[in-house]
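Q:
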Amino acid sequence: MYAKQKISVAVVALLAAGTLGAAANEKVTFGTNWLAEPEHGGYYQAVADGTYAACGLDVTIMQGGPQVSGRPMLLAGKIDFYMGGNLLSAFDAVQQGIPMRVVAADFQKDPQVIMSHPGEGLDKWEDLKNADQYILGDEGVQTFFQWMVTALGFDAAKRAPYTYNTAPFLANKKSIQQGYVTSEPFAVKKEGGFVPNQFLLADYGWDTYSTTIEVMQDTIDKKPEVVQCFVDGSAKGWYKYLYGDNKAANDMIKKDNPDMSDEQIAFSIEQMKKFGLADSGDTEKLGIGAMTDARIKSFYDKMVKAKVTPDGIDITKAYTLAFVNKGVGLELKK
């Protein structure tokens, strides 16, 4: 237990017994890693319907964006929780000696997708490496594309920069392009008039968790009941957002991000459910937020092999399973 998380035996016992509760109306701030969108819906839902408040938390959501550096704010103690993109940042934190932990994975699958034009010889996953051009962003090139090159045989020389504009992809029918399954396919349909082929990397071996909840070790040590409340409240929020009445949450999202349309929201929710981003695999028994040692080690080993992450990191310091895998919220699934 100690190797995975520095939580006292007494605290673990209390968490298991369900006897800890956050102090009434304790104020905490959760920073997201982008502007408000349906991919954050579970957290907005838990604020909107009082789920967090029910276990004693007054949660403020601080939306991210291109000018917001949320993780440094977490490290500096300016916010209490942060929404991580995938596990790589947690591995990096361990390497740098930063006492940050992932306490839940609210997406079992990374939303990262590769799109292609239908009927152009790029209709199967194994065909994609034959595309004339791979339109990929810099971050993707440094992470998942390294895995695609080393493990799957993609040609690094075919990469072209992705500038978050679908025009180059639409103009070249023999190209492939990265995106989020909840976003870029919608843009292609709107701008190009067709539904692209969509290959979710998670379904082909890119097995990182995503939309993680990151927290500092000091918070875990001093306020485990707050962490448990936030993890449980988020899981319940996601179930209610995906399967219940999410209007109030969507109204909050649109207030924070007025550019978000009802059409985009509906598309994103449909895609999240269709591809099982939040609710699939281990969540069917363990509940949303589930994590396992084996899954995290599998992803780490792949990243070492792809030379994305150095070997020798003690990844057990990157996360804790103390707050998840308890089936919280399963009864809310409809």
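Letter by letter, the sequence shown follows residues -24 to -1, 1 to 310 in mature numbering (1 follows the signal peptide of the UniProt record, and there is no 0).
Each residue gets a CB set at the ideal place from its N, CA and C atoms; glycine is no exception.
Owing to the predicted nature of the structure, the values given are computational and were not obtained by experimental measurement.
1) Does DSSP put residue 311 in a helix, a strand or coil?
2) Does the Cβ of T296 have 16 or more other Cβ atoms within 10 Å, making it buried, or fewer, making it exposed?
3) For V23, which residues of its own chain have a beta-carbon under 6 Å away from its beta-carbon, when the five flanking residues on both sides are left out?
4) If you count every other CB in all the chains shown that lies within 10 Å of the CB of residue 356, and 16 or more means buried, which is it?
5) Which of the three DSSP states is assigned to S186 in this structure?
6) Given a cut-off of 9 Å, decide if S256 and K85 are closer than it, judged by their beta-carbon atoms.
7) Rank V164, G213, W10 and D238 by C-alpha distance to the C-alpha of G305 and give the top, closest one.
8) Whole angstroms is fine: what's the gap from Y180's alpha carbon to N1's?
9) Just curious, the alpha helix (DSSP H) that K273 is in, first and last residue?
10) Per DSSP, what kind of secondary structure is G73 in: helix, strand or coil?
11) For F6, list the residues DSSP reports as bridge partners.
12) Return the bridge partner residues of S151 from the DSSP annotation.
13) Report buried or exposed for E115, applying the criterion of at least 16 other Cβ atoms within 10 angstroms of its Cβ.
14) Just how far apart, CA to CA, sit R77 and T142?
15) For F120 and A224, I'd like the C-alpha separation in whole angstroms.
16) Between the C-alpha atoms of L104 and K302, what's the straight-line distance to the nearest angstrom?
17) Since G113 contacts I55 with CB under 8 Å, what's their CB separation in whole angstroms?
18) Would you decide whether G18 is buried or exposed? Buried here means 16 or more other CB atoms lie within 10 Å of its CB.
19) Taking contact to mean at least 3 C-beta pairs separated by less than 8 Å, is the segment 215 to 222 in contact with the segment 84 to 100?
20) Rounded to a whole number of angstroms, what is the C-alpha to C-alpha distance between L128 and D68?
21) Confirm, please, whether the CB-CB distance from F275 to Y185 is below 9 Å.
22) Could you tell me how far apart the beta carbons of Q21 and I289 are, in whole angstroms, since I believe they sit closer than 8 Å?
23) Starting from P137, follow its DSSP beta bridges and name the residues at the other end.
24) Identify the continuous beta strand (DSSP E) that holds I90 and give its terminal residues.
25) Helix, strand or coil for Q122? Go by DSSP, reduced to three states.
26) Would you call the segment 144 to 159 and the segment 182 to 202 touching, i.e. three or more CB-CB distances under 8 Å?
27) Between Q174, A136, D183 and T158, which has its C-alpha nearest I245's C-alpha?
28) Distance check for E167 and I(-18), CA to CA, integer angstroms please.
A: For this structure:
1) Since the first residue of the chain shown is -24 and the last is 310, residue 311 is not available in this structure.
2) buried
3) V35
4) There is simply no residue 356 to check, as the chain begins at -24 and stops at 310 in what is shown.
5) Reduced to three states, the DSSP call for S186 is strand.
6) Annotated as proximal: K85 and S256, with beta-carbon spacing under 9 Å.
7) G213
8) 43 Å
9) D269 to K281
10) coil
11) F6 is bridged to I37 and F57.
12) Q109
13) exposed
14) 36 Å
15) 35 Å
16) C-alpha of L104 to C-alpha of K302: approximately 39 Å in a straight line.
17) About 26 Å separates the two Cβ atoms, so there is no contact after all.
18) buried
19) no
20) 24 Å
21) yes
22) Going by Cβ atoms, the distance from Q21 to I289 rounds to 35 Å, so no, they are not a contact pair.
23) Under DSSP, P137 takes part in a beta bridge, and its partners are L112.
24) Q88 to S92
25) helix
26) no
27) T158
28) Because I(-18) sits at a pLDDT of 43, beneath the cut-off of 50, its placement in the model cannot be relied upon, and the following sentence gives the value as read from the coordinates. Their backbone Cα atoms lie some 51 Å apart in a straight line.
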